[in-house]
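Enquirer: Residue numbering for the sequence shown follows this note's numbering, beginning at 5 and increasing consecutively.
C-beta: ideal position from N, C-alpha, C; glycine also.
Since the model is a prediction, treat every value here as computed from it, not as a measurement.
Below is one structure. I have some questions about it.
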Amino acid sequence: MSLLAAIKGRRGANGFGFASTAEEVTDGLDLSAKTILITGVTSGLGREAARVLAARGAHVIGTGRTAENTRGVLARFGANVTAVACELSEPASVRQAAAEIASLGRPLDAVVFNAGIMGLPKLQRKHGYELQFFTNHMGHFMLMQGLMATLAADARVVVVSSTAHRGAPKGGIQFDNLSGERGYGAWSAYGQAKIANLLFAKELARRFEGTRRTANSLHPGVIITNLGRHLNPVMKFGFGVASVVMCKTVEQGAATECYLAVNPDAAGINGQYFDDCNIATPRADGTDAETARRLWEVSEEIAARFP
Ligand SMILES: NC(=O)c1ccc[n+]([C@@H]2O[C@H](COP(=O)([O-])OP(=O)(O)OC[C@H]3O[C@@H](n4cnc5c(N)ncnc54)[C@H](OP(=O)(O)O)[C@@H]3O)[C@@H](O)[C@H]2O)c1
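Here it is in structure tokens:
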């Protein structure tokens with residue numbers, strides 16, 4: 005058996021692995037009592053997670069940049085869905101989305117922070133901050149702030165990071181360069197945003213200690229989706245090569261987030277990083293408690309600029 009076939013066939017202690025799909029990790033579950041929020045349901049992994057969790061009976065609250073587009077996607081998954089507009093790079097939209105979700109009066113059993121952008125070739129900013137950091141991390145941080153009181157007592161928060169967090173700058177977060185103006189690289193900025201996802205989950209997990217709530221992060225795998233839309237031809241080639249070698253299907257790519265959101269075996273697991281539906285080891289500074297605490301404080305300061 006080739007090394008690649010061995011990796012793709014590997015299964016972890018819980019019986020799931022590289023090739024597991026979102027349908028498999030939710031097989032036999034009745035989620036009709038659950039309400040699950042997923043960001044970025046208009047494409048890729050978020051759309052597949054929404055489809056499968058709705059099919060298992062959950063009430064899925066899905067967000068997208070526009071209500072119309074999000075409604076159009078979710079309508080295909082039945083009537084037990086709510087579409088909410090949430091443009092993650094616009095704090096006013098994020099605050100509005102949080103208020104709208106809270107007003108539904110449904111405690112959130114799971115929150116899947118899935119939406120994201122990747123590899124902007126040139127520096128782009130919103131409100132003075134590098135766009136990948138602001139969208140992938142700050143957008144979700146502010147959404148979480150607005151939803152803290154809406155979480156169920158045993159809510160699971162699932163943050164979709166990436167193995168690309170390994171490309172983050174040394175130390176993880178360049179706190180003195182969140183605007184990108186002191187140096188910018190497409191992959192290091194994406195890596196920084198993704199290590200921020202990891203550190204955010206870590207600090208949230210610490211804050212959940214002593215409760216039944218949990219927070220974990222994950223790498224979904226390498227999957228051909230619309231995520232590559234911003235890449236230039238050279239970057240597209242590199243990503244394409246990685247995809248050909250290690251590619252998962254979208255159905256497989258959505259498995260780890262669905263596993264963490266609802267599988268009974270994941271109940272009570274807190275503060276971990278997952279890959280292929282099993283606990284994995286991230287880059288060391290991705291678990292640094294001091295960096296995680298500092299990122300939380302800096303994020304609170306940034307968020308306070310947008311009341
Ligand atoms: N695919 C991979 O190989 C891979 C690998 C590692 C990690 N990931 C992570 O997995 C997650 C899902 O990615 P994917 O592959 O499914 O990508 P995708 O197909 O591009 O889907 C991304 C989703 O995020 C939404 N989104 C993007 N920018 C947004 C913004 N400013 N405000 C609100 N929503 C926004 C998109 O909305 P629109 O449809 O409106 O653009 C879309 O629904 C991301 O966090 C990504 O970093 C993916």
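Just the Cα atoms here: how many angstroms apart are L151 and Q178?
Expert: Computed Cα separation, rounded: 27 Å.
Enquirer: If you draw a straight line from the C-alpha of T260 to the C-alpha of E185, how long is it?
Expert: Their Cα atoms are separated by approximately 35 Å.
Enquirer: In chain order, what residues of the same chain lie with their CB nearer than 7 Å to the CB of D269, ignoring the 5 residues before and after it?
Expert: Within the same chain, D269 has close Cβ partners N18.
Enquirer: May I ask you to check if the CB of M122 is nearer than 7 Å to at least one heavy atom of ligand 1?
Expert: Flag set: Cβ of M122 near ligand 1.
Enquirer: Please determine whether the Cβ atom of G44 lies at a distance below 7 Å from any heavy atom of ligand 1.
Expert: Result yes, Cβ under 7 Å from ligand 1.
Enquirer: Terminal residues of the continuous alpha helix (DSSP H) containing S247?
Expert: S247 -> alpha helix (DSSP H) spans 237-250.
Enquirer: Can you list, in chain order, the residues of its chain with a C-beta nearer than 7 Å to that of D289? Leave out the 5 residues immediately preceding and following it.
Expert: Excluding residues within five positions, the ones whose Cβ falls inside 7 Å are G175, G176, T295.
Enquirer: How is the alpha helix (DSSP H) around Y263 delimited, first residue to last?
Expert: Start and end: 259-266.
Enquirer: Taking the C-alpha atoms as reference points, what is the distance between M146 and S6?
Expert: Rounded to whole angstroms, M146 to S6 spans 45 Å at the Cα level.
Enquirer: Curious, which full-length beta strand (DSSP E) runs of at least 3 residues does the region 85-118 contain?
Expert: Qualifying beta strand (DSSP E) stretches, in chain order: 85-89, 112-117.
Enquirer: Is it the case that the CB of G143 approaches a heavy atom of ligand 1 more closely than 7 Å?
Expert: Yes, the beta carbon of G143 sits closer than 7 Å to at least one heavy atom of ligand 1.
Enquirer: According to DSSP, K130 sits in a beta bridge with which residue or residues?
Expert: K130 is bridged to Y133.
Enquirer: Just to confirm, is the Cβ distance from V254 to L49 under 8 Å?
Expert: Yes. Within cutoff.
Enquirer: On the DSSP bridge list, what partners appear for G184?
Expert: G184 pairs with nothing; no bridge assigned.
Enquirer: Alpha carbons only, please: which of A101, Q276, S97 is nearest the one belonging to R210?
Expert: For the residues A101, Q276, S97, the minimum Cα distance to R210 belongs to Q276.
Enquirer: Looking at H63 and ligand 3, is the gap between the Cβ and the nearest heavy atom below 7 Å?
Expert: Only ligand 1 can be found as ligands here, which leaves ligand 3 out of the picture.
Enquirer: Between G195, L182, G214, R298, which has its C-alpha nearest G132's C-alpha?
Expert: That would be L182, whose Cα lies nearest to the Cα of G132.
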